[in-house]
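So the sequences go chain by chain: B and R.
First residue of the first sequence: 1, per this note's numbering; consecutive thereafter.
First residue of the second sequence: 1, per this note's numbering; consecutive thereafter.
Since the structure comes first, as structure tokens, the remarks are kept for the end.
Number of protein chains: 2
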Amino acid sequence: MNVGILTIGDELTSGMIQDTNSAYISAECNDERWRIAAMMSVGDDGRAIRGGLEYLIGLSDAVIVTGGLGPTADDKTTASIADAFDLGLYTDESVLNEIKARFERFRIKWTENNTKQAIFPDGAVVIDNPIGTAWGYSLKRNGKLIVVIPGVPAEVKRMFPESIIPLLRKEFKEPVRYSFKRRIKLFGIAEAKVDETVSEIDLDLPGISLGFYPRFPENHIVITVRGDDEETARRTIDLAQTRIVERLEKYVFGYDDETLESIIASMLMESGLTISVAESCTGGLITDRLTNVPGSSMFLDRGVVVYSNVSKTELLGVPMAILETFGAVSEETAVSMADGVRKSGKTDIGLAVTGIAGPTGGTEEKPVGTVYIALSDGGASVCRKYLFRWGRRRIKELTSQWALEILRRFLVERLRHD
Amino acid sequence: MNVGILTIGDELTSGMIQDTNSAYISAECNDERWRIAAMMSVGDDGRAIRGGLEYLIGLSDAVIVTGGLGPTADDKTTASIADAFDLGLYTDESVLNEIKARFERFRIKWTENNTKQAIFPDGAVVIDNPIGTAWGYSLKRNGKLIVVIPGVPAEVKRMFPESIIPLLRKEFKEPVRYSFKRRIKLFGIAEAKVDETVSEIDLDLPGISLGFYPRFPENHIVITVRGDDEETARRTIDLAQTRIVERLEKYVFGYDDETLESIIASMLMESGLTISVAESCTGGLITDRLTNVPGSSMFLDRGVVVYSNVSKTELLGVPMAILETFGAVSEETAVSMADGVRKSGKTDIGLAVTGIAGPTGGTEEKPVGTVYIALSDGGASVCRKYLFRWGRRRIKELTSQWALEILRRFLVERLRHD
Numbered sequence: 001m002n003v004g005i006l007t008i009g010d011e012l013t014s015g016m017i018q019d020t021n022s023a024y025i026s027a028e029c030n031d032e033r034w035r036i037a038a039m040m041s042v043g044d045d046g047r048a049i050r051g052g053l054e055y056l057i058g059l060s061d062a063v064i065v066t067g068g069l070g071p072t073a074d075d076k077t078t079a080s081i082a083d084a085f086d087l088g089l090y091t092d093e094s095v096l097n098e099i100k101a102r103f104e105r106f107r108i109k110w111t112e113n114n115t116k117q118a119i120f121p122d123g124a125v126v127i128d129n130p131i132g133t134a135w136g137y138s139l140k141r142n143g144k145l146i147v148v149i150p151g152v153p154a155e156v157k158r159m160f161p162e163s164i165i166p167l168l169r170k171e172f173k174e175p176v177r178y179s180f181k182r183r184i185k186l187f188g189i190a191e192a193k194v195d196e197t198v199s200e201i202d203l204d205l206p207g208i209s210l211g212f213y214p215r216f217p218e219n220h221i222v223i224t225v226r227g228d229d230e231e232t233a234r235r236t237i238d239l240a241q242t243r244i245v246e247r248l249e250k251y252v253f254g255y256d257d258e259t260l261e262s263i264i265a266s267m268l269m270e271s272g273l274t275i276s277v278a279e280s281c282t283g284g285l286i287t288d289r290l291t292n293v294p295g296s297s298m299f300l301d302r303g304v305v306v307y308s309n310v311s312k313t314e315l316l317g318v319p320m321a322i323l324e325t326f327g328a329v330s331e332e333t334a335v336s337m338a339d340g341v342r343k344s345g346k347t348d349i350g351l352a353v354t355g356i357a358g359p360t361g362g363t364e365e366k367p368v369g370t371v372y373i374a375l376s377d378g379g380a381s382v383c384r385k386y387l388f389r390w391g392r393r394r395i396k397e398l399t400s401q402w403a404l405e406i407l408r409r410f411l412v413e414r415l416r417h418d
Numbered sequence: 001m002n003v004g005i006l007t008i009g010d011e012l013t014s015g016m017i018q019d020t021n022s023a024y025i026s027a028e029c030n031d032e033r034w035r036i037a038a039m040m041s042v043g044d045d046g047r048a049i050r051g052g053l054e055y056l057i058g059l060s061d062a063v064i065v066t067g068g069l070g071p072t073a074d075d076k077t078t079a080s081i082a083d084a085f086d087l088g089l090y091t092d093e094s095v096l097n098e099i100k101a102r103f104e105r106f107r108i109k110w111t112e113n114n115t116k117q118a119i120f121p122d123g124a125v126v127i128d129n130p131i132g133t134a135w136g137y138s139l140k141r142n143g144k145l146i147v148v149i150p151g152v153p154a155e156v157k158r159m160f161p162e163s164i165i166p167l168l169r170k171e172f173k174e175p176v177r178y179s180f181k182r183r184i185k186l187f188g189i190a191e192a193k194v195d196e197t198v199s200e201i202d203l204d205l206p207g208i209s210l211g212f213y214p215r216f217p218e219n220h221i222v223i224t225v226r227g228d229d230e231e232t233a234r235r236t237i238d239l240a241q242t243r244i245v246e247r248l249e250k251y252v253f254g255y256d257d258e259t260l261e262s263i264i265a266s267m268l269m270e271s272g273l274t275i276s277v278a279e280s281c282t283g284g285l286i287t288d289r290l291t292n293v294p295g296s297s298m299f300l301d302r303g304v305v306v307y308s309n310v311s312k313t314e315l316l317g318v319p320m321a322i323l324e325t326f327g328a329v330s331e332e333t334a335v336s337m338a339d340g341v342r343k344s345g346k347t348d349i350g351l352a353v354t355g356i357a358g359p360t361g362g363t364e365e366k367p368v369g370t371v372y373i374a375l376s377d378g379g380a381s382v383c384r385k386y387l388f389r390w391g392r393r394r395i396k397e398l399t400s401q402w403a404l405e406i407l408r409r410f411l412v413e414r415l416r417h418d
């Protein structure tokens with residue numbers, strides 16, 4: 001099946017905001033094995049909307065339209081679509097009543113122009129918008145389906161999988177009653193290597209499709225399995241996951257909506273282990289990420305950003321002799337920082353990074369991007385050295401990602417032995 | 001003038017990566033007062049490329065094409081364009097030699113398929129790519145201009161203003177020899193209020209155009225002045241800037257490529273003042289942002305993330321009595337944290353935040369989103385209370401932005417009096 005995407009709004013064609021709906025919808029379609037014929041953005045302009053719609057219908061079995069469904073005069077999508085197909089317009093009274101009820105529930109003042117959101121082209125089948133006041137609708141013309149939904153990204157992300165995908169499957173008689181999706185998240189392996197490894201795995205299973213999404217610094221594999229039997233589809237997706245994870249286990253840190261920090265948080269909360277963090281070159285990014293997880297106060301006692309030698313000594317007890325002999329960016333300093341912050345916070349684990357984020361401060365022996373990451377649990381400490389590239393911010397991001405990954409691998413081992 | 005944009009690549013239509021070139025090019029065109037007729041993305045497919053190009057040419061005076069210029073078999077842009085206009089292909093020997101020279105300079109191994117990057121449709125005028133090995137080119141057909149450039153965003157951002165805008169101006173005989181652009185960055189004022197205030201300002205100046213770009217949590221105004229006299233254009237843009245800044249001075253924190261943190265860093269470095277930071281709910285985000293600026297070790301001594309009451313007492317000397325009487329989220333605690341971190345770091349300034357990022361931990365009196373921000377310089381301390389919404393990450397971002405803004409306003413006052 002071929003799908004066209006038309007996103008509408010002056011804010012898109014003037015570069016005011018980035019259109020993210022097209023990429024989102026195309027990824028969803030890709031996972032369904034539907035081909036995107038073309039994606040187009042036009043302004044709030046009747047002629048441009050009609051022209052774009054006609055062009056896309058010529059290429060596609062279904063066209064997904066987003067945006068221009070609001071109550072104001074510059075929202076022209078419905079009128080333009082009616083125009084393009086020579087259709088009249090009608091007001092759906094039950095939609096109108098429901099919109100009014102929602103205004104009351106959300107305590108927003110009703111204004112008469114909102115009536116517009118209950119007006120549809122003749123023949124349209126309305127689609128509820130559970131989190132907004134602009135309804136969507138679908139229209140059939142000459143065997144082609146036009147689906148129109150609001151442009152607010154959160155509403156698209158809710159309505160597309162919940163209503164639009166099932167609608168398209170049914171309309172085009174795809175023999176799919178169930179579809180399951182699993183996102184496998186990897187870090188520490190190059191995109192090309194993921195590709196190569198997966199191509200060697202036997203994944204010739206019924207109803208399966210694979211997508212690869214680089215999401216710097218991570219790589220994601222999305223498995224989709226579709227079929228008319230729920231039990232079989234579930235078993236197939238689990239089997240595919242097992243086969244992929246078997247080969248790439250070391251790099252898999254999580255699934256679906258999990259993040260590296262949420263996985264770490266779960267393991268810490270589950271085990272009751274606590275942590276303190278000492279950062280030099282990352283400047284707070286590691287604790288920022290850990291504290292993005294709700295409930296992080298349960299396992300994080302403190303973080304310190306020790307930019308000066310004095311602060312490393314005062315806050316972490318790093319001996320001045322170590323700083324003078326080995327330098328602030330060294331294995332000895334990193335280990336002493338990790339030990340120091342663990343003791344200062346009286347936590348089970350201390351995590352520390354020290355490095356040169358640049359652009360200045362590098363030497364022949366320790367160029368910009370040199371980073372040491374250390375973890376201490378009171379027993380033997382781990383320390384790894386890295387050389388990162390591509391500028392200050394990237395060096396900070398890669399350092400924080402590797403520090404969290406080292407922590408994750410440590411926790412996996414630790415929980416396995418407990 | 002009407003412009004069409006065609007971005008090419010399977011990675012776009014499969015949702016693997018987000019197309020950012022269209023938004024960037026449309027914003028640049030908007031600043032030039034060129035209208036975007038439509039923007040389209042298609043995969044690496046000859047028929048789709050030809051169809052999209054023909055559709056966009058029908059609507060536009062010029063079409064900007066990005067992507068599909070690489071050396072591999074799936075890069076089909078040039079062949080498809082030649083096809084669309086029934087043109088032959090030629091190899092440009094001087095481009096070929098220069099590409100080979102670059103491979104040598106960058107120490108990349110030459111492979112024969114790279115010859116493809118020196119092949120152009122008959123009649124094409126080549127456009128140098130100063131930072132890559134895929135050249136661009138322009139073609140004229142029936143009074144319309146087709147401009148083709150590589151899809152790598154960094155290369156687009158370099159080539160578009162440097163080569164493509166001047167080319168389009170010349171081609172369409174726009175009476176513009178000079179054009180200056182200034183981005184005014186505001187924070188702490190709503191988008192609608194910016195709009196309203198600017199509409200009241202006399203900006204009826206020759207060659208001027210204005211763009212408004214919400215960039216959460218900031219709002220940006222872009223002034224573009226175009227004209228055939230350099231001196232007049234420069235004076236006009238300065239005058240427009242003065243008039244806007246007069247009315248919105250309180251909210252303007254920077255211009256062009258400046259960031260809130262780079263402005264603060266400049267003021268700190270200039271004045272020789274030093275700072276330490278204590279964070280609770282932001283979890284390190286404030287120091288992360290400050291340390292994104294190269295050279296931040298010159299003014300930042302330390303940051304502490306004090307998630308527990310114990311750490312607030314141990315690291316900052318916040319009296320347990322204050323924590324028990326007023327709570328960890330209170331004006332008294334914030335001020336004590338700011339004072340404490342300033343003294344501990346022996347710096348001129350202490351900046352502190354404490355709040356409830358949620359989703360849990362709120363009470364009737366102090367709901368989720370309650371935040372106190374304090375600044376201490378050893379004299380009178382400042383403390384402000386906020387109530388932010390929209391989830392944990394947004395609360396962290398708004399808190400860090402307001403903390404930096406309070407610091408900026410303090411430094412502006414301080415440097416004014418020095």
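From the three backbone atoms N, C-alpha and C, an ideal C-beta is built for every residue, glycine too.
Rounded C-alpha distance that separates residue i from residue j
i	j	result
B/T66	B/I8	6 Å
B/H220	B/F212	6 Å
B/I131	B/V156	10 Å
B/G355	B/W402	13 Å
B/I64	B/E365	56 Å
R/R50	B/V293	48 Å
R/P359	R/L398	16 Å
B/V392	B/A357	It should be noted that the sequence gives Arg, not Val, for residue 392 of chain B. About 5 Å.
R/D83	R/D74	16 Å
R/V277	B/I17	33 Å
Nearest-angstrom beta carbon gap, residue j and residue i [assumed within contact, 8 Å]
i	j	result
B/L56	B/A38	6 Å
B/I264	B/L404	6 Å
R/R247	R/T197	6 Å
B/S14	R/N30	4 Å
B/N2	B/S41	Rounded, the Cβ-Cβ distance is 19 Å, inconsistent with contact.
Residue i - containing alpha helix (DSSP H), residue span
i	result
R/G448	The displayed coordinates of chain R run from 1 to 418. Any statement about residue 448 of chain R would go beyond what the structure contains.
B/K343	331-345
R/S400	392-417
Nearest to residue i (by Cα), restricted to the options the options
i	options	result
R/E279	R/A265, R/I264, R/S308, R/L145	R/S308
B/D44	B/D31, B/I81, B/W110	B/I81
B/V305	B/V148, B/G340, B/A380	B/G340
B/G378	B/E413, B/S336, B/K396	B/S336
B/I127	B/V147, B/N113, B/R47	B/V147
R/R235	R/V252, R/I208, R/R35	R/I208
R/G254	R/L323, R/G188, R/E230, R/T291	R/G188
B/G361	R/P217, R/G295, R/E104, R/M269	R/G295
R/G227	R/F216, R/P214, R/S276, R/L205	R/L205
B/N142	B/G123, B/L69, B/L89	B/G123
9 Å Cβ cutoff, residue i in contact with chain R
i	result
B/I17	yes
B/Y307	yes
B/S381	no
B/K157	no
B/Y90	no
B/I149	no
B/I25	yes
First and last residue of the uninterrupted beta strand (DSSP E) at residue i
i	result
R/G350	349-355
B/L224	Contrary to the premise, residue 224 of chain B reads as Thr rather than Leu in this sequence. Here the beta strand (DSSP E) through B/T224 covers 218-227.
Residue i at chain B interface by Cβ criterion, 9 Å
i	result
R/F212	yes
R/V65	no
R/S209	no
R/E196	no
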